[in-house]
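A quick write-up on the structure given underneath.
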Amino acid sequence: MSRTIETTSRRGWLALALIAALPTSLATGLASPARSADGILVGLVTKTEVNPYFVSLRRAAEAEARARGVRLIARAGKFDGDNEGQVAAIETLISAGARGILITPNNSTGPLGAIAKARKAGIVVIALDTATDPADAVDATYATDNFQAGVKQGRYARHALGSKAPHLAMLDGTPGGTVDTFRHNGFLQGFGIKEGDPAVAGKQITNGAQDKGQTGMENLLSAHPDINVVYTINEPAAEGAYAALRAAGREHDVVLTSIDGGCLGVKYVKRGAIAATVMQFPAKMAKAGVDAVVDFAKGGSKPSGLHDTGSATITDHPFPGLDQHDTAWGLTKCWG
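Following full-length UniProt numbering, the numbering of the sequence shown begins with 1 at its first residue and continues without gaps.
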């Protein structure tokens, strides 16, 4: 056995040992892709293993890693906002010898120290879905333009409300994330109002979770029974909001909108639970991220800059002048 092969073998066993030693407090998404003669290891760190959006993103990354013949280690925080869990995962991936790390940051500034450590070690770091702050804290970002997705959501909501005076409820995600800020601000712009406008009846933090979406909607309806339009950060929060609206007998006279475009979310739109959702394409993000790491590891150029993976409004009740697709189209494209 040559010294090079022996060294590669030892590194492989070390990586496997470190994988086994990862703390059980992290989510357990571990890929089992084909081994590669090149010994390329790609790390993926998502926000949670609960949100189906991130499950879809992970599965797409696993599939692309298998197709490219490389190994993938997938880890996640225990909950949306678990910055410490993501930092621990990054540090373990550094020790395991990852050539690249793909991350959807829970907090846009929280993991910057660990990311800087990874880049100093020669590891390419790519943000998926959620940009860091500053954006150049990572080598590249593959994500939805979340501000423009929010604009699309807000424009649709304004058209759907018609001539009614707006009484808006905003079910936000997790403070500190660029996704949450961009979608929130984009919605307001698309809707045609500014932060602090009296049309905003109230806001609640949901962390993008169904149960908190329902509780937040219940609280807002109790305090502001005249709410007639609802912004939600994602489809789990929208599902919770719909449950609260239905329990209050308000599901037919409130315009409920969202962002994500998962297959289940498109079905919500099809049955009328959500008026419209703005579809993202996480599989495109994951595939592009894995490919960028592998290409770089094989001698290609290092990825850089922001790469917008697109978005599309899905509704069966379109309005003139808006770029929209129906649910039949959406069900063929959901989370592709």
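We treat Cβ as the ideally placed atom computed from N, Cα and C, and that holds for glycine.
Taking Cβ positions, are residue i and residue j nearer each other than 8 Å?
i, j, result
"TRP335", "ALA283", "yes"
"ASP253", "ASN228", "yes"
"GLY289", "THR277", "no"
"residue 383", "SER258", "Residue 383 is absent from the structure shown; the chain starts at 1 and stops at 336."
"ALA199", "HIS159", "no"
"MET217", "LEU188", "no"
"GLY97", "LEU41", "yes"
"ASP308", "ASP145", "yes"
"THR327", "VAL269", "yes"
"ARG71", "ALA65", "yes"
"ALA60", "LEU44", "no"
"ILE73", "ALA118", "no"
"PRO236", "ASN51", "yes"
"TYR156", "THR332", "no"
"ASP80", "ASN207", "yes"
Have a look at the options and flag the residue whose alpha-carbon is nearest the alpha-carbon of residue i.
i, options, result
"MET285", "TYR142, ILE40, ILE73 and VAL42", "TYR142"
"LEU161", "PRO303, ALA275, GLU49 and GLY122", "ALA275"
"LEU306", "THR315, VAL138 and PRO236", "VAL138"
"PHE296", "VAL124, THR206, LYS203 and LYS333", "VAL124"
"GLU84", "LEU41, THR48 and ALA248", "THR48"
"LEU57", "ILE103, VAL230 and ALA89", "ILE103"
"ASP323", "ASN185, VAL151, GLY173 and ARG119", "VAL151"
"ARG68", "VAL294, PRO320, THR315 and ASP316", "VAL294"
"GLY213", "VAL230, GLY272 and ALA88", "VAL230"
"GLY39", "PHE54, PRO52 and ARG99", "ARG99"
"ASP136", "PHE319, SER304 and HIS317", "SER304"
"LYS203", "LEU331, GLY173 and GLY192", "GLY173"
"ARG246", "LEU221, ASN234, ILE233 and TYR53", "LEU221"
"THR92", "GLY81, ARG75, PHE281 and ASN106", "ARG75"
"THR178", "VAL87, GLY113, PRO134 and GLU195", "PRO134"
"GLN153", "GLU239, GLU251, ALA273 and ASN234", "ASN234"
"THR232", "HIS224, HIS184, GLY262 and ALA223", "HIS184"
In the DSSP output, which residue or residues are listed as bridge partners for residue i?
i, result
"GLY260", "The question names Gly, but residue 260 is Asp in the sequence shown. According to DSSP, which records beta bridges pairwise, ASP260 is partnered with MET279."
"HIS307", "TYR142"
"LEU171", "GLN204 and THR232"
"VAL254", "Partner(s): none; VAL254 has no beta bridge."
"LEU41", "ARG71"
"GLN324", "THR313"
"THR92", "Note: THR92 sits in no beta bridge, so no partner."
"THR46", "ALA76"
Between which two residues does the alpha helix (DSSP H) carrying residue i extend?
i, result
"LEU220", "210 to 223"
"VAL55", "52 to 68"
"THR327", "327 to 333"
First and last residue of the beta strand (DSSP E) that includes residue i?
i, result
"GLY186", "Premise fails: GLY186 lies in the alpha helix (DSSP H), 178 to 191, not in any beta strand (DSSP E)."
"THR313", "312 to 314"
Mind pulling the beta strand (DSSP E) runs of 3 or more residues that sit fully within the region 94 to 157? 100 to 103, 124 to 128 and 140 to 143, all fully within the region 94 to 157.
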